[in-house]
Structures are given as structure tokens and as C-alpha cells.
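Colleague: Can you read through this structure? Questions will come right after.
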Amino acid sequence: MAIGVNASAYFIIVANSWMQHPVGVTWDAERDRPMMNNFIAVLTNNTTLVAFPHVIMGALLTASTVVAVIGLWWMARNSFRAAKIEEAAKTGDESIIPKTSSPSQIDATPEKLRHDNATLWRPVSIFALWVVIGSGLGLFVTGDLQGQLMFKQQPMKMAAAESLCETETGASFSVLSIGRQNNCENIEHVITIPNMLSFLSDHTFDSTVQGVNELQKQYQEALNMTGQNFAPNLFVTYWSFRAMITWALGSVVVALGGLWFLRRKRNEVPRWFGRLCLWMLPTPFLANASG
34 MAIGVNASAY FIIVANSWMQ HPVGVTWDAE RDRPMMNNFI AVLTNNTTLV
84 AFPHVIMGAL LTASTVVAVI GLWWMARNSF RAAKIEEAAK TGDESIIPKT
134 SSPSQIDATP EKLRHDNATL WRPVSIFALW VVIGSGLGLF VTGDLQGQLM
184 FKQQPMKMAA AESLCETETG ASFSVLSIGR QNNCENIEHV ITIPNMLSFL
234 SDHTFDSTVQ GVNELQKQYQ EALNMTGQNF APNLFVTYWS FRAMITWALG
284 SVVVALGGLW FLRRKRNEVP RWFGRLCLWM LPTPFLANAS G
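Laid out in C-alpha cells, this is it:
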């Protein structure tokens, strides 16, 4: 099943990559349409080769975050219930014991609850948390490779994603901008990281990054389409990229917090962190959707 799912994902990305960067085709003048002449070139499109591992890393991040959240939530529930049962035994007030319908908790003693944490939920959580860390690093590396390629293949998309209206040498990365995002005349970059956009484009701090206005003129002249707007929606591309990064931080919170609370063979997770993890559960899905 895993092989089939990944093969299906690869062919879907092959089709998507071809639409962004057509290779292995020639123009059929008789039928007035493109005609594939090299299937291997289509399968090995460099756009596909950088996009596929990025997608797989995103899938691993999502799956491992879900597993980690479930494990940490159960550890928090068991830890809290064990503490309340012990407190009730001392005070005689059984009303403080939280109600539960879980078969594993109904008649469980504090020792049994902590044993479940140590033998079941902790190993599951630790494994998932390290997968979150590994897939997060994988996303960083593959995203960097994909970004560099996109600056070469689709410079307009990358300029729009940064609301970079004018060509700049040593271009800054925009952390926050305000104004009407689809109108270059009304965009103000409030927070920037100097030279970072140039570095992201080719790993040099003084490279030139083309802006939307210059690219617009180039495309209009090359295609003889004066007045045509070739820029994507700046608002969507700019904020979806930042939403992707922001939502991905949810998995970072789960991973770092979880590994901290489970350090040195600890089996207790605070209830508040278990609840926080539940709030973080949708974030990798939202990050993937935004990306």
C-alpha cells in the first residue's frame, strides 16, 4: 500500500510539474497542440525531483504530529488522573477524580496508568516526535532546493510571493508588509531581513532578484501581449507562504515541548501541555494546504 500511495503521489506531481515546467514535448503544428516525445524526460523533470521529496516530508510531518499529539494527550490524561486518584485517597473526596468512559482508565490504579505511560504512550510519542524533527529538517532542505529552482523557472511567482515589485540587488526578505497587496504602489514592507531574499534565491547575499514590474514588461514584450497581467494574485501568494511557515510552527511546538517533558525517561506530561497539543493538531494540515 505504501508503495502504491507514493507511486500515485509521484505521478500526480509529475503531471503538476509538467504544467509548471513542460519538458519532453514538442509542438504538433498539424493538431495545434503539444505532443509528448520523451516520457523519461517527463518523469525526471527537475521540478518533480525537488517537489516530490518536499511533499513526502510534508506528509511525514503531518502524520507524525498527529501520532505525537495523541500520545502526549493520553500521557497527560493518565498523569492527571493518577494524581487525582492519589489525592482522593488522601482526602477521601472522590469527586475530584475526573469522570471517564475510557476502558483503560475506568478501573485503573495510579500505578497502572503510569505503567501505560511508560510502556505504551511514551515510546509511541518519542518515536513520533523524532519523526517530526526529522521531517521538519527535510522540509527545510527540500524547500530550499525547490525555492532556488522556482526563482529560475518561475521568477514571477517568487516575486509575487514576496510582493517584490521592483528589481533589487541584495534583496530583503519581507517578514511583514501592509497595504493593498495587489497594488505595488500601495505596499509598504514594515519588517524585512536584509539580503535574505537574494540568499534564498541562489545562496549569495548580493544577487539580483527581478521584481514584478520588470517581469511584467518582459513577458508582455516576449509574447506581444501589451496590457496583459501576468502576475499572480499578490495577496494570496504573499500571505499563503507566510501562513505555511506560521502553521508549521505548531509541529515545532509539539516536538520541542514533548521532547522536553519526556527527557531523561520521564513519563509525566502536564495537563495544560496535553491540551495545547490538541490545539496544535490542525496546524500541519493547514501548513500543507497553505503551501
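Per our numbering, residue 34 is the first one in the sequence shown, and the count goes up by one each step. Glycine included, every Cβ here is placed at the ideal spot set by N, Cα and C. As the structure is a computational prediction, the values presented were derived from the model and not from experiment.
1. Candidates Ala264, Phe232, Gln253 and Val223: which alpha carbon is nearest Gly244's?
2. When the Cα atoms are used, what is the spatial distance from Pro136 to Leu105?
3. Can you tell me the Cβ-Cβ gap for Thr95 and Phe306, rounded? I've got them flagged as a contact below 8 Å.
4. For Phe206, which beta-bridge partners are listed by DSSP?
5. Is it true that the CB of Lys145 sits closer than 8 Å to the CB of Thr270?
6. Restricting to runs no shorter than 3 residues, where is the beta strand (DSSP E) found entirely within the stretch 159-195?
7. Could you give the distance in angstroms between the alpha-carbon of Thr98 and the alpha-carbon of Glu221?
8. Answer with buried or exposed for Glu195, where buried requires no fewer than 16 other C-beta atoms within 10 angstroms of its C-beta.
9. Does DSSP put Arg147 in a helix, in a strand, or in coil?
10. Would Val58 and Ala101 be called neighbours here (beta carbons separated by less than 8 Å)?
11. Can you list, in chain order, the residues of its chain with a C-beta nearer than 7 Å to that of Met69? Leave out the 5 residues immediately preceding and following it.
12. Using 8 Å as the threshold, is the stretch 309-323 in touch with the stretch 115-129, meaning 3 or more CB pairs across them?
Modeller: If we stick to the structure as given:
1. Ala264
2. 18 Å
3. Not quite, the Cβ-Cβ distance comes to about 20 Å (not below 8 Å), so this is no contact.
4. Ile226
5. no
6. none
7. 36 Å
8. buried
9. helix
10. no
11. Gly57, Val58 and Val75
12. no
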